[in-house]
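**Q** The structure's right below; bear with me while I get my questions together.
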Amino acid sequence: MEIGNEEKAAAAGEVEILKPRTDKREYRRIVLKNSIQVLLISDPETDKCAASMDVSVGSFSDPEGLEGLAHFLEHMLFFASEKYPDEDSYSKFITEHGGSTNAFTSIEQTNYHFDVNADCFEEALDRFAQFFIKPLMLADATMREINAVDSENQKNLLSDARRMHQLQKHLSREDHPFHKFSTGNLDTLHARPQAKGVDTRSELIKFYDEHYSANIMHLVVYGKESLDKIQGLVEEKFQNVRNTNKDITRFPGQPCASDHLQILVKTVPIKEGHMLRIEWPVTPSIHHYKEAPSRYLGDLIGHEGEGSLFHALKTLGWATGLYAGEGDGTLEYSFFEVVISLTDAGHEHMQDILGLLFRYIQLLQQSGICQWIFEELATICETAFHYQDKVQPISYVVAIASNMQVYPIKDWLVGSSLPSTFHPAIIQKVLDELSPDTIRIFWESKKFEGQTDKVEPWYNTAYSVEKITSSAIQEWMQSAPNVNLHLPTPNVFIPTDLSLKDAKDKGSCPVLLRKSPFSRLWYKPDTVFSMPKACVMMDFNCPVAVSSPDAAVLTDIFTWLLTDYLNEYAYDAQVAGLYYEISSSVKGFEILLETIVEKIARFEVKPDRFSVIKETAMKGYQNFKFQQPCEQATYYCSLILQDRSWPWTEELDVISHLEAEDVTKFVPLLLSRTFLECYVAGNVESNEAESMIKHLEDMFFQGPKPICRPMYPSQHLTDRVVKLKKGMKYFYHKDGSNPSDENSAIVHYIQVHRDEFTMNVKLQLFVLIAKQATFHQLRGVEQLGYITDLSQRNNSGVRGVQFIIQSTVKGPGHIDSRVESFLKNFESKLYEMSDEEFKSNVTTLIDMKLEKHKNLYEESWVYWHEIQTGTLRFDRRYAEVAALRKITRQELIDFFNDYIKVGAMRKKSLSIRVYGSRHLSEMACDKEQIPSPSFEIEDIFGFRKSRPLYGVVNGGGMWPSETVRAMDTLGTHTVSSS
-3 MEIGNEEKAA AAGEVEILKP RTDKREYRRI VLKNSIQVLL ISDPETDKCA ASMDVSVGSF
57 SDPEGLEGLA HFLEHMLFFA SEKYPDEDSY SKFITEHGGS TNAFTSIEQT NYHFDVNADC
117 FEEALDRFAQ FFIKPLMLAD ATMREINAVD SENQKNLLSD ARRMHQLQKH LSREDHPFHK
177 FSTGNLDTLH ARPQAKGVDT RSELIKFYDE HYSANIMHLV VYGKESLDKI QGLVEEKFQN
237 VRNTNKDITR FPGQPCASDH LQILVKTVPI KEGHMLRIEW PVTPSIHHYK EAPSRYLGDL
297 IGHEGEGSLF HALKTLGWAT GLYAGEGDGT LEYSFFEVVI SLTDAGHEHM QDILGLLFRY
357 IQLLQQSGIC QWIFEELATI CETAFHYQDK VQPISYVVAI ASNMQVYPIK DWLVGSSLPS
417 TFHPAIIQKV LDELSPDTIR IFWESKKFEG QTDKVEPWYN TAYSVEKITS SAIQEWMQSA
477 PNVNLHLPTP NVFIPTDLSL KDAKDKGSCP VLLRKSPFSR LWYKPDTVFS MPKACVMMDF
537 NCPVAVSSPD AAVLTDIFTW LLTDYLNEYA YDAQVAGLYY EISSSVKGFE ILLETIVEKI
597 ARFEVKPDRF SVIKETAMKG YQNFKFQQPC EQATYYCSLI LQDRSWPWTE ELDVISHLEA
657 EDVTKFVPLL LSRTFLECYV AGNVESNEAE SMIKHLEDMF FQGPKPICRP MYPSQHLTDR
717 VVKLKKGMKY FYHKDGSNPS DENSAIVHYI QVHRDEFTMN VKLQLFVLIA KQATFHQLRG
777 VEQLGYITDL SQRNNSGVRG VQFIIQSTVK GPGHIDSRVE SFLKNFESKL YEMSDEEFKS
837 NVTTLIDMKL EKHKNLYEES WVYWHEIQTG TLRFDRRYAE VAALRKITRQ ELIDFFNDYI
897 KVGAMRKKSL SIRVYGSRHL SEMACDKEQI PSPSFEIEDI FGFRKSRPLY GVVNGGGMWP
957 SETVRAMDTL GTHTVSSS
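Under the numbering used here, the residue at position 707 of the sequence shown is numbered 703, and the numbers go up by one with no gaps.
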């Protein structure tokens, strides 16, 4: 990349930053006097402002013996600064003003970012700037945050993705930073340094002083004001960031020596399933991002249509998924990887699969680099870029700040998303690097238990290594089955008409366009986003769908088979920007695209595909026991509260006895009584929407032998929620399902009310005020666990709050008691809150509620939720804002005293306690110490039967069903899908 000349042009104001044609925002690049490079973004329409600072230093720079120091520094900068010395005051300010904040440490970059309501942006930006001017890194916070880093690492120890990534790093040159462990833990950041007489805090400050220099920082600021005003703000706030003129540290050389190539690594995962990961060191594409060699090859090797490698493996019953593309990398090195999810049969044919992979690579060699394929890729990418949806400002600034480190100025917004230069030799070079001589194969399966002889030190992953030769791979190619591999055909779904239709209805809410005994159609044309996109959502509401564990599993299998059958046809559509999803839900199956509808109408069970889907589903159920304890606790909470929900153990039992003919018999029963709930929005005219739904009715409900018949009124059932008893505390104790997991968790749930605007906003206001205080006290001060959260919970319109905490240091009983203690102490905070503070929180919540939708899809899901639940309050946010404006500080206190406060007469709480192996011995004692009045839930389903259920929010407008999820279409294409 010729960046030097461009920098000179930029200094002269000659470089124009390429932006999407539909983007109305203004951009300006400036360089501060201290050499921070800044991109300013002005968006007068935004409700949220955001900023992201990207520092060119990461875990590769960790000193020897202090693994995780860069990550630890990222944590410490959040605590306090010389200008704002109160601990956690930055996070508190952001949260209390409708925002969020986070950071991440990668190998050569550390990124800090936040968003906040627009009217508070200046102070938020000032607080953020202090990270890089004068952070305190307090001594008394050091050990606490080392514990937080250790808790984060404990959470990750049983993650297969992290375990395998670290194993790939472990099998590399020890003198290359790629080999390092980057997260850090109590051992690397405290015990080992202390044993060597090294003071971690001193090393932390030294690391900051050495590496955090203004000239290697890139800042993106997204504001509501004009560019001139934003520029003035940035210059004022960041001018005092120190510049030491540090050079960006580079790490030349390849991570892998010859010993680390041509290897086959067998390794044992935590979860059920088999995975094959193949990787090669290749030339980093960042040097040729406009030629996009890895993108070109990844799209071909990862293609899923007819003639592709995946299509062949799927037809053979050997694979359920395949990904190909560039993975880890820097300016110095990169890896191209192919990841294949295997079936049991595929696991037994690993050599054949490798043989077919190299046979496909051979096909690419023989076919040459095709200009039409590159041009098709370029066309798809260009359309996607110029008609991209707006996203949340915080996501946008993070992506751009990361781009600024490596791309020329004009391509800061684009990155590598616009391939434009066809250069066959560059693509050929990377293709040649996909060679048997440099391959690394990582083969994961529980079948390797007891067959390994090595252990990776950081995650204790069992593995073994053996060398493979090019001649062995040649033999696999020759012995692999004869399948028809060929290049894809031209994509007929690429949009050709991107014109906007004139919406005659300018309404701001959906309207009921059509109603019949068979369906109901809601319609809203795009009057906001001016994009050639449409969103269509449909629920096939089927009473049978979740009527029993058997029905729930059969419905799942049906939707998975349907998706499986559609993949070959629909893959090109997804590539071209035409998205669909089919999934089972509490209700029916939401559906899109006439082709999908035709597949449903003519559905038949293919025994070979049924066997694969059944196997995959069984592993999914079996892997429940490897979920994080906090996820298990959340699941048990739902199982206790939600009527007509079924335990995964029963569903696993159902699926283990299931045969193909069971699905064949079930599908006609599933569809026999159906009601279609439909929503069409975007660049679609009302007559087109009506025609679409009328056609569906004709297909499903008409004819001498209709597939579906209309539902009876008595079948229009609703989701119901268990009503807890006022003044009662409920407890559910459960041992964690993975004996190897030391983490324990709780969900402390407080049930409050059924959907009602005034009560809703009181609850939301409480959560807004208490959220950061919860994080600060229970995670920051008491160090209970890295996962600590307070949030709202909404079960089918029944509202409440939940504390979720996961910990290795304390057991569930202790954690639960600390939540109660926090609530006792929080009471005084409410009483001490000034009227000014109260009004500020109300204003923040109002601003959050009135935040505009960023794109059609986001808007559609808000309205679709109202339609699905039957509440139909399309004006919800305005009605809740009206309720908010009337609430007084005393009313909030009364709400807390009535529903949340410890010992409140109306309070209804449920504590789910999941015990990890470290705390399992505490369960019996905890059960004996539960307070009175309380109820110990021993039998979830007996308890559910014993309790009354909340009434229907809307009086009966919801139907149990099963789900084909929203489709976001881009433009129109020249081939009809009918």
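Cβ atoms here follow ideal geometry from the backbone N, Cα and C, with glycine treated the same way. Nothing here was measured: the structure is a model prediction, and the numbers come from that model.
#1: Report, in whole angstroms, the separation of the C-beta atoms of Asp385 and Lys850, which I expect to be a contact under 8 angstroms.
#2: How should Ile636 be labelled, buried or exposed, when 16 other C-beta atoms within 10 angstroms of its C-beta is the threshold for buried?
#3: If I measure Cβ to Cβ from Ser634 and keep anything under 8 angstroms in the same chain, skipping five residues before and after, which residues do I get?
#4: Any idea what DSSP makes of Pro706, helix, strand or coil?
#5: Do Glu686 and Leu509 have their CB atoms nearer than 8 angstroms?
#6: In three-state DSSP terms, what is Ser466?
#7: Helix, strand or coil: how does DSSP classify Pro289 here?
#8: With DSSP as the reference, label Asp84 as helix, strand or coil.
#9: Indicate the three-state DSSP secondary structure (helix, strand or coil) for Lys20 in the structure shown.
#10: Looking at the structure shown, is Pro404 part of a helix, part of a strand, or coil, going by DSSP?
#11: Looking only at DSSP bridge pairs, what is His270 linked to?
#12: Would you call the region 167 to 178 and the region 234 to 246 touching, i.e. three or more CB-CB distances under 8 angstroms?
#13: Does the beta-carbon distance from Val217 to Val34 come in below 8 angstroms?
#14: Just confirm the distance between the C-beta atoms of His345 and Ser441, as a whole number of angstroms; I'd bet it's less than 8 angstroms.
#15: If Leu481 sits next to Leu296, beta carbons under 8 angstroms apart, how far is it from one beta carbon to the other, in whole angstroms?
#16: Using the Cβ count rule (16 or more neighbours within 10 Å means buried), how would you classify His283?
#17: Helix, strand or coil: which one does DSSP assign to Asp560?
#18: By Cβ distance, which residues of its chain are closer than 7 angstroms to Ser222, with the 5 residues on each side in sequence left out?
#19: Assuming contact is defined by CB atoms lying nearer than 8 angstroms, are His382 and Arg17 in contact in what I supplied?
#20: Helix, strand or coil for Cys531? Go by DSSP, reduced to three states.
#21: For the alpha helix (DSSP H) containing Cys921, name the first residue and the last one.
#22: Please state the DSSP three-state secondary structure of Phe554.
#23: Measuring straight from C-alpha to C-alpha, what distance separates Thr106 and Ile26?
#24: Where does the unbroken alpha helix (DSSP H) through Arg355 begin, and where does it stop?
#25: What separation, rounded to the nearest whole angstrom, lies between the Cα atoms of Ala66 and Phe203?
#26: Check for me: the alpha helix (DSSP H) holding Arg159 runs from which residue to which?
#27: Over the uninterrupted beta strand (DSSP E) stretch that includes Pro521, give me the two end residues.
#28: Should Phe110 and Ile142 be called a contact, given that it needs their Cβ atoms to be closer than 8 angstroms?
#29: Nearest-angstrom Cα distance between Arg291 and Ser391?
#30: How close, in whole Å, do the beta carbons of Asp433 and Ser466 come, if the pair is a contact with beta carbons under 8 angstroms?
#31: Look at the alpha carbon of Gln424 and the alpha carbon of Tyr329, and state the distance between them as a whole number of angstroms.
#32: Based on DSSP bridge pairs, tell me the residues matched to Cys674.
#33: Relative to the alpha-carbon of Ala341, which residue among Val335, Val540 and Ile349 has its alpha-carbon at the smallest distance?
#34: DSSP three-state call for Gly0: helix, strand or coil?
#35: Hey, could you find the ends of the beta strand (DSSP E) Phe727 is sitting in?
#36: Looking at the structure shown, is Asn791 part of a helix, part of a strand, or coil, going by DSSP?
**A** To lay it out plainly:
#1: 7 angstroms
#2: buried
#3: Cβ within range, chain order: Ser641 and Asn791.
#4: strand
#5: When the beta-carbon positions are compared, Glu686 and Leu509 come within less than 8 angstroms of each other.
#6: Reduced to three states, the DSSP call for Ser466 is helix.
#7: helix
#8: Coil at Asp84, not helix or strand.
#9: coil
#10: Of the three classes helix, strand and coil, the one that applies to Pro404 here is coil, per DSSP.
#11: Leu338
#12: no
#13: yes
#14: With 8 angstroms as the limit, His345 and Ser441 do not qualify as a contact, their Cβ atoms being about 13 angstroms apart.
#15: About 11 angstroms; that fails the 8 angstroms criterion.
#16: exposed
#17: Helix.
#18: Ser38
#19: In contact: His382 and Arg17 (Cβ atoms closer than 8 angstroms).
#20: strand
#21: Met919 to Glu924
#22: helix
#23: 21 angstroms
#24: Met346 to Ser363
#25: 8 angstroms
#26: Boundaries of the alpha helix (DSSP H) around Arg159: Asp156 to His166.
#27: Ser515 to Pro521
#28: no
#29: Cα to Cα, the separation comes out at about 23 angstroms.
#30: 6 angstroms
#31: 18 angstroms
#32: DSSP output for Cys674 lists Leu517 and Met534 as bridge partner(s).
#33: Ile349
#34: Annotation note: pLDDT 49 at Gly0 (below 50); position unreliable, no value reported.
#35: Lys725 to Asp731
#36: Reduced to three states, the DSSP call for Asn791 is strand.
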